[in-house]
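2 protein chains.
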Amino acid sequence: MITERTIKTDKIYQGKIINLRVDTVELPDKKYSKREIVEHPGAVAIVPITNNNKIIMVKQYRKPVEETLLEVPAGKLEINEEPIECAKRELLEETGYKSEDLEYILSFYTSPGFSNESISIYTARNLVKDIAQPDEDEYIEIQEYEIDELIKMIQEGNIKDAKTIISILSVKNYAKLY
Amino acid sequence: MITERTIKTDKIYQGKIINLRVDTVELPDKKYSKREIVEHPGAVAIVPITNNNKIIMVKQYRKPVEETLLEVPAGKLEINEEPIECAKRELLEETGYKSEDLEYILSFYTSPGFSNESISIYTARNLVKDIAQPDEDEYIEIQEYEIDELIKMIQEGNIKDAKTIISILSVKNYAKLY
Numbered sequence: 020m021i022t023e024r025t026i027k028t029d030k031i032y033q034g035k036i037i038n039l040r041v042d043t044v045e046l047p048d049k050k051y052s053k054r055e056i057v058e059h060p061g062a063v064a065i066v067p068i069t070n071n072n073k074i075i076m077v078k079q080y081r082k083p084v085e086e087t088l089l090e091v092p093a094g095k096l097e098i099n100e101e102p103i104e105c106a107k108r109e110l111l112e113e114t115g116y117k118s119e120d121l122e123y124i125l126s127f128y129t130s131p132g133f134s135n136e137s138i139s140i141y142t143a144r145n146l147v148k149d150i151a152q153p154d155e156d157e158y159i160e161i162q163e164y165e166i167d168e169l170i171k172m173i174q175e176g177n178i179k180d181a182k183t184i185i186s187i188l189s190v191k192n193y194a195k196l197y
Numbered sequence: 020m021i022t023e024r025t026i027k028t029d030k031i032y033q034g035k036i037i038n039l040r041v042d043t044v045e046l047p048d049k050k051y052s053k054r055e056i057v058e059h060p061g062a063v064a065i066v067p068i069t070n071n072n073k074i075i076m077v078k079q080y081r082k083p084v085e086e087t088l089l090e091v092p093a094g095k096l097e098i099n100e101e102p103i104e105c106a107k108r109e110l111l112e113e114t115g116y117k118s119e120d121l122e123y124i125l126s127f128y129t130s131p132g133f134s135n136e137s138i139s140i141y142t143a144r145n146l147v148k149d150i151a152q153p154d155e156d157e158y159i160e161i162q163e164y165e166i167d168e169l170i171k172m173i174q175e176g177n178i179k180d181a182k183t184i185i186s187i188l189s190v191k192n193y194a195k196l197y
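Those protein sequences? They're chains A and B, same order as listed.
The working numbering puts the first residue of the first sequence at 20, with every later residue one more than the last.
The working numbering puts the first residue of the second sequence at 20, with every later residue one more than the last.
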């Protein structure tokens with residue numbers, strides 16, 4: 020199998036959420052090429068399903084795209100944090116619901132051409148109301164939807180976030196809830 | 020509607036594929052925060068469908084995740100390039116097939132929390148065999164699959180790339196081909 024051996028690594032930036040490095044790699048024909056790589060700690064996305072089968076979504080402004088997006092709740096892994104614990108924590112922080120009934124659906128790479136970011140998706144059921152605790156730089160609005168509304172919004176271009184599209188379509192196709 | 024006003028922009032890195040900048044933004048409570056933003060030119064993904072209803076996939080090594088991934092053909096927009104022209108070009112370069120029968124499916128942001136990368140998905144039919152012309156640092160293997168095999172591979176965790184998962188699930192759910 021083809022791989023790309025790292026000849027040299029240049030660390031460009033160490034940030035709050037991401038790091039940037041540029042690797043010089045050796046290709047199969049022995050030529051060299053550069054790979055720009057955004058390092059990310061990984062994240063989880065949660066599909067919170069209420070007792071009457073609605074999905075709890077969050078709306079928030081996303082500076083990189085200068086748009087307010089409708090998304091499933093999600094958040095970055097903390098150091099040494101298990102994805103399922105991260106899912107419980109982010110569910111509570113962003114929506115104010117607790118759940119001990121999480122089910123793993125799948126994981127994916129958001130953009131493996133330039134980043135190692137991986138997101139694991141969980142459903143969360145038997146939700147218990149508690150108090151939301153958003154991060155101090157997060158402004159989040161909560162909304163509930165039927166899954167078929169969300170499926171239609173994806174088709175119409177009104178849901179644009181990859182993790183949300185994958186979460187909704189995979190719950191529809193794989194989770195056998197609906 | 021809440022937005023985040025840019026107070027200052029620091030350009031960290033200008034690369035071959037991505038740029039990195041850090042924006043200082045003003046939040047609704049007038050506090051400041053930093054946003055790390057990876058600028059990307061945007062890309063297309065193509066779902067090439069053969070006359071006997073198979074989907075042409077590409078396998079390639081992805082340095083950021085240190086894995087060989089099975090993906091739909093895809094590529095970055097060149098300067099001033101229309102997405103549909105980019106889709107035709109990348110289809111030919113990566114698979115060796117030409118098509119004038121492209122259909123737009125949907126667009127999405129790969130990771131809007133830190134990047135503006137947007138990918139537009141097209142199906143391509145009535146494929147005509149020509150000669151593949153991969154970029155000089157691309158090593159690509161071509162494989163054909165039934166869509167239901169791909170749907171199963173997503174569920175089993177054997178397809179991990181976001182644009183590929185969205186392409187296959189959205190063609191299955193929306194393109195009315197199958």
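Beta carbons: idealized from backbone N, C-alpha and C, even for Gly.
Being a predicted model, the structure only gives us computed values, none of them experimental.
**Item:** N- and C-terminal bounds of the beta strand (DSSP E) containing leucine 121 of chain A
**Value:** Reading the first sequence from its first residue, position 102 is the one you call residue 121 of chain A. Start and end: 120 to 128.
**Message:** Quick check on the DSSP output: the alpha helix (DSSP H) that includes valine 190 of chain B runs from which residue to which?
**Reply:** Position 171 of the second sequence, counting from 1, holds the residue named residue 190 of chain B. Per DSSP, valine 190 of chain B belongs to the alpha helix (DSSP H) from 181 to 193.
**Prompt:** Near serine 139 of chain B, which residues of its chain fall below 6 Å by C-beta distance, leaving aside the five closest residues on each side in sequence?
**Reply:** As a working note, residue 139 of chain B is residue 120 in the second sequence. Taken in chain order, the residues that qualify are Val63, Pro102 and Ser126.
**Message:** Per the DSSP calculation, isoleucine 38 of chain A is bridged to which residue(s)?
**Reply:** On the first sequence, residue 38 of chain A is found 19 positions in, with the first residue counted as 1. Residue 38 of chain A is actually asparagine in this sequence, not isoleucine. Answer by DSSP bridge pairing, in chain order: A:Gln33 and A:Glu58.
**Message:** Let me confirm a value: glycine 176 of chain B is counted as buried when at least 16 other C-beta atoms fall within 10 Å, else exposed. Which label applies?
**Reply:** By one-based count along the second sequence, residue 176 of chain B stands at place 157. Glycine 176 of chain B is exposed by the Cβ-count criterion.
**Own chain, CB closer than 6 Å to arginine 108 of chain A, minus 5 neighbours either side, in chain order** = Taking the first residue of the first sequence as position 1, residue 108 of chain A is located at position 89. Closer than 6 Å at Cβ, skipping near neighbours: no residue.
**Prompt:** Any idea which residues DSSP pairs valine 77 of chain A with across the strands?
**Reply:** Stepping through the first sequence from its first residue, residue 77 of chain A is reached at position 58. Valine 77 of chain A is bridged to A:Glu90 and A:Ile161.
**Item:** Neighbour-count burial assignment, valine 147 of chain B, 16 or more Cβ in a 10 Å radius
**Value:** Reading the second sequence from its first residue, position 128 is the one you call residue 147 of chain B. By the neighbour-count rule (16 or more Cβ atoms within 10 Å), valine 147 of chain B is not buried but exposed.
**Asked** Where do the N-terminal and C-terminal ends of the alpha helix (DSSP H) with isoleucine 103 of chain B fall, by residue?
**Response** Taking the second sequence and counting its residues from 1, one reaches residue 103 of chain B at position 84. Its alpha helix (DSSP H) spans residues 102 to 114.
**Prompt:** Opposite lysine 148 of chain A in the DSSP bridges: which residues?
**Reply:** Taking the first sequence and counting its residues from 1, one reaches residue 148 of chain A at position 129. Lysine 148 of chain A pairs with A:Tyr116.
**Message:** Distance cutoff 8 Å, beta carbons only. Does threonine 129 of chain A sit that close to anything in chain B?
**Reply:** The sequence position of residue 129 of chain A within the first sequence is 110, counting from 1. Cβ-Cβ to chain B under 8 Å: yes for threonine 129 of chain A.
**Asked** With burial defined as no fewer than 16 other Cβ atoms inside 10 Å of the residue's Cβ, what is the status of tyrosine 197 of chain A: buried or exposed?
**Response** Taking the first sequence and counting its residues from 1, the one referred to as residue 197 of chain A is at position 178. Low confidence applies here, because tyrosine 197 of chain A scores a pLDDT of 47, under 50, leaving its location unreliable; read the following figure in that light. By the 10 Å Cβ count, tyrosine 197 of chain A comes out exposed.
**Asked** Where does the unbroken alpha helix (DSSP H) through isoleucine 169 of chain A begin, and where does it stop?
**Response** Working through the first sequence from its first residue, we reach residue 169 of chain A at position 150. The displayed chain sequence assigns leucine, not isoleucine, to residue 169 of chain A. From DSSP, the alpha helix (DSSP H) with leucine 169 of chain A extends over 166 to 174.
**Prompt:** What residues in its chain sit with their C-beta under 6 Å from that of glycine 61 of chain B, if we drop five residues either side in the sequence?
**Reply:** Working through the second sequence from its first residue, we reach residue 61 of chain B at position 42. Only Leu96 and Ser137 meet the Cβ criterion.
**Prompt:** Using a C-beta cutoff of 8 Å, does asparagine 71 of chain B count as contacting chain A?
**Reply:** Residue mapping note: residue 71 of chain B aligns to position 52 of the second sequence, counting from 1. So no, asparagine 71 of chain B is outside the interface.
**Message:** Cβ closer than 8 Å: which chain A residues qualify as neighbours of lysine 35 of chain B?
**Reply:** Here the question's residue 35 of chain B lines up with position 16 in the second sequence. Per Cβ cutoff of 8 Å: Lys53 and Glu55.
**Message:** On the CB-based measure, 16 or more other CB atoms within 10 Å of its CB, does lysine 50 of chain B come out buried or exposed?
**Reply:** As a working note, residue 50 of chain B is residue 31 in the second sequence. Exposed, since its Cβ has fewer than 16 Cβ neighbours within 10 Å.
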